[in-house]
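Novice:
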Amino acid sequence: MNTIQRLRATSTLAMGLALSMAVHAQVSPGPDQVAATASDSVTDGEVRKIDPDNGKITLRHGEIKNLDMPGMTMVFTVRDKGQLAKLKPGDKVQFMVVQEGGKMVITDIQPAR
């Protein structure tokens, strides 16, 4: 292998290593990004109706930032039906919701403080 081929091979390996490190650096969020993501996923709402047998709750809610959804009133499925026991219509709440299998699923809901 001549000098030019060795230099070319070394450059290629170095570029590949640098690129993989750059991709990893972009994927790993910093503490500020994690905190911002967590706060963006909490939404304020007001309980309108509760259906504990079916694990559903109707909420009037503000913007759901993590799902890019405007404020409205809608029915959600609650992952843990036990969380509905401490709520009643008219309660102000804070909740986290994700989209799973075409449904909006509340992963956590708590009375607002």
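In the working numbering, the protein residues as written are 6 to 118. Positions of the beta carbon are idealized from the N, C-alpha and C atoms, including for glycine.
Measuring alpha carbon to alpha carbon, tell me which residue in Ile69, Val83, Arg65, Val47 is nearest asparagine 59.
Specialist: Position 54 of the sequence shown, counted from the start, is the residue given in the question as residue 59. Nearest C-alpha to asparagine 59: Val83.
Novice: Which residue from Gly107, Asn7, Gly76 puts its Cα closest to that of glutamate 51?
Specialist: Taking the sequence shown and counting its residues from 1, the one referred to as residue 51 is at position 46. The shortest Cα separation from glutamate 51 among Gly107, Asn7, Gly76 belongs to Gly76.
Novice: Which first and last residues belong to the beta strand (DSSP E) in which proline 116 is found?
Specialist: Within the sequence shown, residue 116 is the residue found at index 111, counting from 1. Taken as a continuous stretch (DSSP letters only), the beta strand (DSSP E) holding proline 116 covers 108-116.
Novice: When you compare each of Lys108, Val47, Pro57, Met101 to proline 94 by their alpha carbons, which one comes out closest?
Specialist: In the sequence shown, the residue the question calls residue 94 occupies position 89. That would be Pro57, whose Cα lies nearest to the Cα of proline 94.
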